[in-house]
Amino acid sequence: MSIDRAYAELGLPPDASDAQVKAAWRRLVSHWHPDRNASAEAARRMQRINGAYEQIRLSSVTEGVDAGPEGPDSEPPEPSDPAPGRTVRRKLRLSLEEAALGCTRVVRGRLSCPCAACEGSGALAPEAACPRCDGAGTVPSGLWFIWPPVRSTCSGCDGSGLVHRSCLACEGRGQQSLRYQRTVRIPGGVRRGDVLVADGAGEGQGGFDGRLELLIEWRPHPFFVAGDDGSLRCEMPVDGFAWLADAWIEVPTLSGLQQMRLRRGRHVYRLRGQGLPLQRRGSTRGDFVVTVTPSFAESLSAEQQSLLAQLAAAAQGQPAAAAVRDWREALQAWARQQPSASTA
Ligand SMILES: [Zn+2]
Ligand SMILES: [Zn+2]
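Numbering (my numbering), first residue to last: 45 to 388.
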């Protein structure tokens, strides 16, 4: 059963919290339990409900201890560790969207563990008779002319008469490479450097039932820069005429493209609550701050030039912007104090 299917079985969306999962499971069990429900479907439903609950439970992660700044990319070689109960540390690189909104990921890898067939010895027990000397420990000497013939120590078994046969499963190495796979649900709001722990019971998901520690990393985003205060920043060029005309434009957000109205003269726009979650699993989010840079095409069409000339002419009769007015007054006052060189 896929993880999405498991949520659907409990009638929940994939981002449901652990508490919601538990509540839904309790409700369904009390309805479908064969003690209370005599219908033929009840037993089958109970099986599916419990399967879904188990699947979701197995994929949940908890907050882990700090693994330190540098975790290895794959599991460190720990040949002496027995496979069950061991800890595998992994980096998990998430996009900003996945980290902010939560996601389900399948973590796959390989780990080496003692060979199950030979219990790590690399040899097959019991020892077998040496094939070179038939277990005698000595072989006839090659010196044929000596009588009686002498026997020398067998080099195949160093005289013991016994040899270790290599384990076929691991070709005598004593170690086996084991693939593992674990489905984990990452809650929304995880940060860089967070360590999440998926504990135990990976059986049926690849044979590794140890503890998985996931060090969260963020992939760089093509548009967004995350601030420590939960804010998200984006700088984008906009068409200068659209900016002058207070037009609507499309801006990228964590949840996809969104319409935003430009305001002539304004460069910075704050979209409240569209940044990163302030806490893990929290619903409060920081702000999304968009900084626009109005830009114009290098060459304008004749029609655009003519329209601009009309616009400039129309502006002549209109009151100027306060900053322009102040500037003109200061300029005139300054010009009056200059020696009048050009008066005819
Ligand atoms: Zn072996
Ligand atoms: Zn031998």
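Glycine is no exception: its CB is placed at the ideal position from the N, C-alpha and C atoms.
Note that this is a predicted model, so its numbers are computed, not measured.
Check the DSSP bridge columns for residue i and list the partner residues they point to.
i: residue 333; result: 277 and 314
i: residue 219; result: 158
i: residue 292; result: 305
i: residue 262; result: 138
i: residue 182; result: 197
i: residue 282; result: 338
i: residue 150; result: 227
i: residue 269; result: 277
i: residue 172; result: 207
i: residue 355; result: DSSP, once it has assigned bridges, lists no residue as partnering residue 355.
Alpha carbons only, please: which of the options is nearest the one belonging to residue i?
i: residue 259; options: 68, 236, 335 and 377; result: 236
i: residue 314; options: 324, 323 and 329; result: 329
i: residue 165; options: 173, 211 and 359; result: 211
i: residue 335; options: 162, 68 and 280; result: 280
i: residue 338; options: 306, 356 and 266; result: 306
i: residue 266; options: 139, 193, 158 and 286; result: 139
i: residue 137; options: 234, 81 and 181; result: 234
i: residue 229; options: 274, 316, 146 and 243; result: 146
i: residue 101; options: 286, 62 and 381; result: 62
i: residue 142; options: 264, 81 and 379; result: 264
i: residue 285; options: 216, 341 and 270; result: 341
i: residue 181; options: 383, 172, 201 and 171; result: 201
i: residue 209; options: 189, 82, 312 and 172; result: 172
i: residue 299; options: 220, 371 and 144; result: 144
i: residue 220; options: 105, 160 and 353; result: 160
i: residue 262; options: 320, 241 and 222; result: 320
Can you list, in chain order, the residues of its chain with a C-beta nearer than 6 Å to that of residue i? Leave out the 5 residues immediately preceding and following it.
i: residue 318; result: 297 and 332
i: residue 302; result: 295
i: residue 99; result: 45 and 50
i: residue 227; result: 47, 103 and 150
i: residue 124; result: Confidence is the limiting factor: at residue 124 the pLDDT is only 40, short of 50, which leaves the residue's position unreliable, though a coordinate-based value still follows. Correct list: empty, nothing qualifies.
i: residue 158; result: 164
i: residue 312; result: 335
i: residue 243; result: 255
i: residue 269; result: 277
Within the same chain, show all residues whose beta-carbon is closer than 8 Å to that of residue i, passing over the 5 residues directly before and after it, in chain order.
i: residue 132; result: 119, 153, 155, 224, 252, 254, 255, 256 and 257
i: residue 162; result: 168, 169, 211, 213, 214 and 218
i: residue 112; result: Confidence at residue 112 is low in this model, with a pLDDT of 41, below 50, so its placement is unreliable and the value that follows should be read with caution. Cβ neighbours of residue 112 beyond the five flanking positions: none.
i: residue 90; result: 73, 76, 77 and 78
i: residue 322; result: 233, 274, 328, 329 and 330
i: residue 308; result: 287, 288, 289 and 290
For residue i, I'd like the list of residues in its chain whose CB is within less than 7 Å of its CB, leaving aside the five on either flank, ordered along the chain.
i: residue 110; result: Below a pLDDT of 50, predicted positions are generally treated as unreliable, and residue 110, at 45, falls in that range; the measurement from the model is reported next regardless. Cβ neighbours of residue 110 beyond the five flanking positions: 239.
i: residue 122; result: In this predicted model, residue 122 has a pLDDT of only 42, less than 50, meaning its place in the structure is not dependable; the value taken from the coordinates is given anyway. 130, listed in sequence order.
i: residue 184; result: 193 and 195
i: residue 356; result: none
i: residue 64; result: 56
i: residue 293; result: 282, 286, 304 and 306
i: residue 69; result: 54, 93 and 97
i: residue 346; result: none
i: residue 116; result: At residue 116, the pLDDT of 42 sits below 50, so the modelled position is not reliable; the number obtained from the coordinates is stated separately. Answer for residue 116: 133, listed in chain order.
i: residue 324; result: 231, 233 and 234
* When the Cβ atoms of the segment 169 to 180 are set against those of the segment 198 to 206, are three or more pairs found closer than 8 Å? -> yes
* Kindly confirm or deny that the segment 55 to 67 and the segment 82 to 95 touch, where touching means at least three C-beta pairs closer than 8 Å. => no
* **Cβ contact (3+ pairs, closer than 8 Å) linking the segment 78 to 87 and the segment 130 to 148** => no
* Contiguous alpha helix (DSSP H) assignments of at least 4 residues, all confined to the segment 51 to 120 -> 62 to 76 and 85 to 103
* Just list the beta strand (DSSP E) runs in the segment 195 to 243, keeping only unbroken ones of 3 residues or longer that don't cross its boundaries, in chain order. => 195 to 197, 206 to 210, 219 to 230 and 239 to 242
* To do: Specify which residues have a beta carbon nearer than 5 Å to any heavy atom of ligand 4, listing them in chain order.
  => Questions concerning ligand 4 fall outside what the structure shown contains, since the ligands it does hold are ligand 1 and ligand 2.
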